[in-house]
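Under mature numbering (1 follows the signal peptide of the UniProt record, and there is no 0), the letters of the sequence shown match residues -19 to -1, 1 to 85, in that order.
Each residue gets a CB set at the ideal place from its N, CA and C atoms; glycine is no exception.
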Amino acid sequence: MQRIALLLTCTLCASLAQATPLFSAGDPVTGKAMVEKQCISCHAERFGGDGSAIYTREHRLVKTSAGLLTQVRNCNTNLGLKWFDDEELHVTRYLNDHYYKFQK
């Protein structure tokens, strides 16, 4: 009986892990502040308005949660932002919660 309970618990945990985005540990409030401080001006310059068109355009580059995290890391590296891993997760979490809505 205990083995069955353990097996069911492990199965449940595995399913939850698969449904949880890679960046769920990020804080979306912190991420929003970081995006507003360090991302919006460049995006607005390139896409007009408030810059959010980069996230909502029809042929956007990001198609998965892993792709979103990769894109945030690329921006961090290419622009020399010097964010730590947890800060990348904050930004990614905010962008996903607000624009992308990836489930895993």
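Check, Outcome
"In whole angstroms, what is the alpha-carbon distance linking Leu(-4) and Ser46?", "Legend: pLDDT at Leu(-4) = 40, less than 50; position of this residue unreliable, no value from coordinates given."
"Can you list, in chain order, the residues of its chain whose CB lies under 7 Å from that of His24, leaving out five sequence neighbours each side?", "Gly32 and Ile35"
"Within its chain, find whatever has a CB closer than 6 Å to the CB of Leu50; leave out the 5 residues flanking it on each side and keep chain order.", "Leu3, Phe4 and Thr73"
"Would you kindly work out how many angstroms separate the C-alpha atoms of Thr(-11) and Asn55, rounded to a whole number?", "Low confidence applies here, because Thr(-11) scores a pLDDT of 49, under 50, leaving its location unreliable; read the following figure in that light. Going from the Cα of Thr(-11) to the Cα of Asn55 covers about 37 Å."
"Check Arg41 in the structure and name its three-state DSSP category.", "coil"
"At 4 residues or longer, what runs of the alpha helix (DSSP H) sit wholly inside the region 15 to 67?", "21 to 28, 34 to 37 and 46 to 59"
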